[in-house]
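Residue numbers (our numbering): 8 to 186. We treat Cβ as the ideally placed atom computed from N, Cα and C, and that holds for glycine. Note that the structure is a prediction, hence the values are computed from the model and not measured.
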Ligand SMILES: [Fe+2]
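Here is the structure:
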């Protein structure tokens, strides 16, 4: 189940808020400019569906989102525990970083943690199938799907150069290992 856990940055062992309520998650994340939505597709494509089938299933949501954000493109990323690049990909986004454009993801299957670091607080959003999250440009964050990542996600973007991670050099993510 999706879950938001909020900490003061100096107290990794003592969350100040834990909620699995989607509306409460959305409200709390909205305070830091992060959008969180649940998308209910009439039909959830199987995990092995072709990218075109997955994109088509969520087309009405994608069109609306692109209209709202101005993002122009979407694609599908799939990661499985046996993927040879899984450890390297995990390492890549595990340290705190920012991007020059919004990081917008929708989980079709599986799960992953987006962890935002804003105004002295850490917001660990465990996203699961049916969740959309949009992390604005320049918000400090990291991503972790654990040592055996398993997810299929839509990426919504304007320019793939915005995916480049600019690392902050802060080792805070090491103090907030995801469950
Ligand atoms: Fe990122």
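Where DSSP assigns a beta bridge to residue i, which residues make up the other side?
i, result
"residue 129", "14, 124"
"residue 135", "118"
"residue 140", "43, 112"
"residue 147", "124"
"residue 174", "104"
Who are the Cβ neighbours of residue i in its own chain at under 7 Å, not counting the five residues just before and after it?
i, result
"residue 102", "149, 174, 180"
"residue 84", "160, 162"
Alpha carbon to alpha carbon, what distance is there between residue j and residue i?
i, j, result
"residue 126", "residue 15", "9 Å"
"residue 8", "residue 135", "6 Å"
"residue 31", "residue 140", "14 Å"
"residue 61", "residue 45", "16 Å"
"residue 42", "residue 48", "18 Å"
"residue 27", "residue 158", "20 Å"
"residue 166", "residue 55", "26 Å"
"residue 53", "residue 64", "11 Å"
Taking 6 Å as the limit between beta carbons, can you name the residues of its chain near residue i, skipping five residues before and five after?
i, result
"residue 182", "19"
"residue 80", "164"
Where do the ends of the alpha helix (DSSP H) carrying residue i lie?
i, result
"residue 160", "Where residue 160 is concerned, there is no enclosing alpha helix (DSSP H), although the beta strand (DSSP E) it sits in stretches over 158-164."
Identify, in the order they occur along the chain, each residue of the same chain with its Cβ nearer than 8 Å to the Cβ of residue i, setting aside the five sequence neighbours on each side.
i, result
"residue 22", "12, 13, 14"
As an exercise, report each continuous beta strand (DSSP E) stretch of at least 3 residues that is fully enclosed by the region 26-114, in chain order. 42-45, 80-86
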